[in-house]
Every structure is written in structure tokens, then in C-alpha cells.
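Asker: When the letters of the sequence shown are read in order and numbered with the working numbering, they come out as residues 789 to 1066.
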Amino acid sequence: MQPRAGGVRYLLDGAFCWMATHEWGDPSAPPVVCVHGLTRNGRDFDALAVALARDFHVICPDLPGRGASDWLPDPLRYEATTYLLALSHLLARIGRPVRWVGTSLGGICGMLVAACEHAPISRLVLNDIGPFVPVTALERIAAYLAEQPDFATLAELEAHLRRIHAPFGALSDGQWVHLARNSARNTAAGRVAPNYDPRIAEAYLSESARDIDLWAIWSRISVPILAVRGVHSDVLTEQTLARMQADGAQSVLVSDAGHAPALMDAPTIEAVVRFLEA
789 MQPRAGGVRY LLDGAFCWMA THEWGDPSAP PVVCVHGLTR NGRDFDALAV ALARDFHVIC
849 PDLPGRGASD WLPDPLRYEA TTYLLALSHL LARIGRPVRW VGTSLGGICG MLVAACEHAP
909 ISRLVLNDIG PFVPVTALER IAAYLAEQPD FATLAELEAH LRRIHAPFGA LSDGQWVHLA
969 RNSARNTAAG RVAPNYDPRI AEAYLSESAR DIDLWAIWSR ISVPILAVRG VHSDVLTEQT
1029 LARMQADGAQ SVLVSDAGHA PALMDAPTIE AVVRFLEA
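#1: Mapping the DSSP letters down to three states, classify residue 807 as helix, strand or coil.
#2: Taking all protein chains shown into account, decide if residue 1055 is buried (16 or more other Cβ within 10 angstroms of its Cβ) or exposed.
#3: Considering Cα atoms alone, identify which of 946, 1025, 1013 is closest to residue 980.
#4: Taking the CB atoms as reference points, tell me whether residue 853 and residue 808 lie closer together than 8 Å.
#5: Does the segment 797-806 come within contact of the segment 861-881, defined as at least 3 CB pairs closer than 8 Å?
#6: Suppose the cutoff is 6 Å on Cβ atoms and the five residues either side in sequence are ignored; what does the same chain contact list for residue 908 look like?
#7: Below 8 Å on the Cβ atoms is my guess for residue 942 versus residue 976; work out the distance and round it to an integer in Å.
#8: Rounded to whole angstroms, what is the Cα-Cα separation between residue 1036 and residue 1012?
#9: Please name the residue in 811, 818, 850, 1033 whose C-alpha comes closest to that of residue 1066.
#10: Specify, as a first and last residue, the run of the beta strand (DSSP E) that residue 964 falls within.
#11: Checking 8 Å against the spacing of the C-beta atoms, do residue 890 and residue 823 come in under that value?
#12: In its own chain, which residues sit with a C-beta less than 8 Å from the C-beta of residue 959, not counting the 5 before and 5 after it?
#13: Less than 8 Å between the CB atoms is what I'm expecting for residue 1022 and residue 924, so what's the real figure, rounded?
#14: At what residues does the beta strand (DSSP E) containing residue 1154 begin and finish?
#15: Identify which residue in 990, 1027, 1004, 1046 has its Cα closest to the Cα of residue 865.
#16: DSSP three-state label for residue 812, please.
#17: Verify whether the separation of the beta carbon atoms of residue 810 and residue 835 is less than 8 Å.
#18: Using the C-alpha atoms, what's the distance from residue 918 back to residue 950?
#19: Determine the contact status of residue 1047 and residue 916, defining contact as a CB-CB distance below 8 Å.
#20: Among the residues of its own chain, which have a CB less than 8 Å from the CB of residue 868, if the five just before and after it don't count?
#21: So which of 999, 962, 1064, 995 has the shortest CA-CA distance to residue 1028?
#22: Look up residue 798 in the DSSP assignment and say whether it is helix, strand or coil.
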């Protein structure tokens, strides 16, 4: 099964830009929006989307600068306000309440949307992200983001993804191949590179090294929340998860993963589907 291609245009700095979407299921069904992590794309959710498409219309955008979406002229515009601007156009197109699944950056976007007045999010899944991220985890991400490699073959890209995304969990060879195929772009020099604008690193690395603290945002969220945590995660710590649980969040632990679970294993998919169907 393959997704349908779609997308929306959003106005940024005097130009209309394209944000691509990958869509599954009946468009008349209740919508679920799935938003990926920093250097990933909407095809990361294929396995989850197939399961959800039985009952939902699943919309998986490629954030600006990723996948099939437009790259931005100014690399410093790769930041939260741009993503929220693009996503708000998508939410306006949908035009009704949505359930939201967000991995890492996609979860931060979900929290920022859910904290707004009249937000259209009715249920929120946060995949290995919470209102607090320690600076040590951000520095680890910066180290691999700064590499900006390219490769002679898709197999070499796959090997790279297996290394830097080992915390995704115990994926099968077929799942790694799937991720590699949907994470690749051909460069002008005939090489294979990760399918995102490498200048995203400029915006990320330009930020001062400090913890992300969104507890004030968190306090304004009133919808049901499911937190998925890889037990080896350095991004969503045990202490942060415990505070989220004390505030009423449900949780699922993925034993063989760190940051962030790939959401490809049957038990985690089943837990997410049950939460979203409630």
C-alpha cells in the first residue's frame, strides 16, 4: 500500500511555499496528523499509517526543507515559528479537530499547537519528547547533524542511517531498507544524500546550547496525552516522563529503543491506535 501525494501552500516572507503530505485512508474519516522528527520525513509513519487508515484519514506532512517539501531560501527560517505557520495552513485545510502524533520535533510542534486557544487537537501522542530536553541530548544530535554526508550508493546511506538512528529500535533489514529508500535524494554530483536541506544544520547549530524548557507551554495543554518513551532515551528522561505522568499523561515504554522509537513494532502501533480510537 502506498500513500496518496498531497500538500498545502503557505505564505512565508513574501513567497508561497509548498509543504508536501502523504495521505492514507478515507478523506471523510476522522483525521490524524503525524509529524516527524528533525531530519526525517512523513514516510517514517508508513507502518503506523497503514494500521490507522482502517478508521482514520492519516495525513503525514514533510516539514519545510524535508522530503518532497520546498527548501527555504533562508536557512535560519528552519525554526518552530515556520513549522507552526506551515502546519496551521494544513490544519486550516483539514478544517476540523484532529488527533496528533508527533515524533521529537513533531511532538514539540504538537505541544505548541495544543497549548493555543481554540486549538484543533483533540488527542496528542508524543513520541519520545516532552516539555523538557536536556542540553546534553541536543549536543548529541548536533554532532551527527553537522556531518552532512553523501554516499555513492543507497546501501551506504542505509548503513549511515543504521548507525546514527540505531536508537530507533530493533528494526528488520526490510524496515531499514524502507527507511533508506524514503530518506534518499540524488545530488547534482550523482551522489546519494539524506533527503533534507543540509542547511537545516545551520539553524540548529546557530542556537545557543541550552536546555529546552516548555513546562509553561505544557501547563496550558488540556487534551489527553500518550507519551511513548524509548527506555534508553536521553531526550525524554525518566524524570520528565514521571512529571508528565503526574500531570495525567498515559505512557508506553519501548524496551529496545532510545530516541526515538520508530513506531514500526506491533505492540507500540497497537498502543497508539487504541489511544487514538478512545
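For every residue, glycine included, the Cβ atom is placed at its ideal position computed from N, Cα and C.
Answerer: If we stick to the structure as given:
#1: Collapsing the DSSP output to three states places residue 807 in a strand.
#2: A residue is called buried when at least 16 other Cβ atoms come within 10 angstroms of its Cβ; residue 1055 does not meet this threshold and is exposed.
#3: Comparing Cα positions, the closest option is 946.
#4: Contact check for residue 853 against residue 808 fails: the beta carbons are separated by 8 Å or more.
#5: Enough Cβ pairs lie closer than 8 Å, so yes.
#6: Around residue 908: 879, 885, 886.
#7: About 17 Å separates the two Cβ atoms, so there is no contact after all.
#8: Approximately 8 Å, taken between the alpha carbons.
#9: Between residue 1066 and the set 811, 818, 850, 1033, the nearest pair of CA atoms involves 818.
#10: Boundaries for residue 964: no beta strand (DSSP E) harbours it, while the alpha helix (DSSP H) harbouring it runs 961-969, taken from the DSSP string.
#11: Yes, the pair counts as a contact, with Cβ atoms nearer than the cut-off.
#12: Cβ neighbours of residue 959 beyond the five flanking positions: 967, 1050, 1052.
#13: That pair is a contact at about 7 Å.
#14: Any property of residue 1154 remains undetermined from this structure, which presents the chain solely from 789 to 1066.
#15: From the listed residues 990, 1027, 1004, 1046, the smallest Cα separation to residue 865 is found for 990.
#16: Residue 812: strand per DSSP, three-state reduction.
#17: Between residue 810 and residue 835, the C-beta gap is not smaller than 8 Å, which leaves the two residues out of contact.
#18: Straight-line Cα distance between these residues: approximately 25 Å.
#19: Yes. Within cutoff.
#20: Closer than 8 Å at the Cβ level, and outside the excluded window around residue 868, lie 896, 897, 900.
#21: Out of 999, 962, 1064, 995, 999 has the C-alpha closest to the C-alpha of residue 1028.
#22: DSSP places residue 798 in the strand class (E or B) of the three-state scheme.
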